[in-house]
Every structure is written in structure tokens, then in C-alpha cells.
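Read through the structure below, which is laid out as C-alpha cells, and then see the notes.
Numbering (mature numbering (1 follows the signal peptide of the UniProt record, and there is no 0)), first residue to last: -26 to -1, 1 to 142.
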């Protein structure tokens, strides 16, 4: 009996070592939209989504930072100044971290069927969302967001969407 236990322990040790070893390389690489063009998109979303009563607060799973809402630096005041690069970076990380696997599929397929993302469905009002519909399918804000997901950011649509926010 003792000999059998000793033999089993000799077999189990290598299995445990291999089973507990860290993976050598990540199994999958997730594709995400460009960080370089995110400020155009962030500008289009900021007044629609990043106000202090919505995604511009830390309790939200999607946190958006910017001049009109939650600020990253303690000494920056909401409603004053410009959105900083650090704020765009924090918002970008929040957006791509919301549904990374689904986002990767949408990006991998050239932006096809962006409505797979809750970000798009909620913004369009196609899924329950406290803020209601914030963009209309096909409008400048929608074209801005969906073009970014397809790696062909429509900066003109983004600029118009950012300008239109003052009238909402």
C-alpha cells in the first residue's frame, strides 16, 4: 500500500507543477479600436454620456471622463477647461474594457453588426438605459462611433456630433 501511494505521489507531482504553471503566452489577442482616434469619438460622446448624473461618475461600469463631467485630476473642475489626454485615455480604457471579447469580434469583422455591443444598443435606445436613446442610428454620433469600430473613423461626423451636443 505504501509503495502504491509513493508511486502515485511521484506521478501527481509533475501533473500539479504543469497544471499550476502560468501560461507562456496569452491564448488570444483581442483587437480593439484605435486609441489615437479615440479623442474624436470621446468628444462626440462626452456631453451625451459623460455628465455627472450618468457615465461621468465613478459608480458606473462605463466611466467617461471629460471637461463636462467627471475629471481625472482632483484640481480640474467639471464644466471648465478642456478634456485632457489622460482623461481620453481613461475613458478609452473604460470603453474597451466594457465587453472586450465582443468588441474584439466586432473589430475583427470590420465593424460589422456593432449592435452586438451594449454600448451601441444602449446609446441607440435599443436596450434598457436610464439615459434613454442618446444617439440615433445613422446620425453623426452613430456614424462617429460605428466608423471608429470599423477602423475608419469618420472624423467629420465626430466633429459635427461634438458640435451638435450644445443644442441637446
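We put the beta carbon where it would ideally sit given N, CA and C, even for glycine.
Check: Go ahead and pull the three-state DSSP assignment for residue 135.; Outcome: helix
Check: From the DSSP output, read off the bridge partner residues of residue 39.; Outcome: 44
Check: CB residue 136 to CB residue 40, shorter than 8 Å?; Outcome: no
Check: By the three-class DSSP mapping on this structure, what secondary structure does residue 31 have?; Outcome: coil
Check: Suppose contacts are defined by Cβ-Cβ distances below 8 Å. Is residue 119 in contact with residue 15 by that definition?; Outcome: yes
Check: Nearest CA to the CA of residue 145: which residue from 91, 24 and 101?; Outcome: The structure shown does not extend to residue 145, since the chain is modelled only from -26 through 142, so no value can be given for it.
Check: Which whole-angstrom value describes the C-beta separation of residue 124 and residue 85, a residue pair presumed to lie in contact below a C-beta threshold of 8 Å?; Outcome: 3 Å
Check: One question on the structure: do residue 22 and residue 68 come within less than 8 Å of each other, judged by their Cβ atoms?; Outcome: no
Check: In whole angstroms, give me the CA-to-CA distance for residue 65 and residue 47.; Outcome: 13 Å
Check: Alpha carbon to alpha carbon, how far is residue 60 from residue 87?; Outcome: 30 Å
Check: Select from 8, 132, 105 and 128 the residue whose C-alpha is nearest the C-alpha of residue 63.; Outcome: 8
Check: Please go through the same chain and pick out, in chain order, the residues whose beta-carbon is closer than 7 Å to the beta-carbon of residue 31, but skip the five residues on each side of it.; Outcome: 44
Check: Residues in the same chain with beta-carbon distance under 8 Å from residue 74, minus the five sequence neighbours each way, listed in chain order, please.; Outcome: 4 and 6
Check: Do residue 107 and residue 95 count as a contact pair if the criterion is CB distance below 8 Å?; Outcome: no
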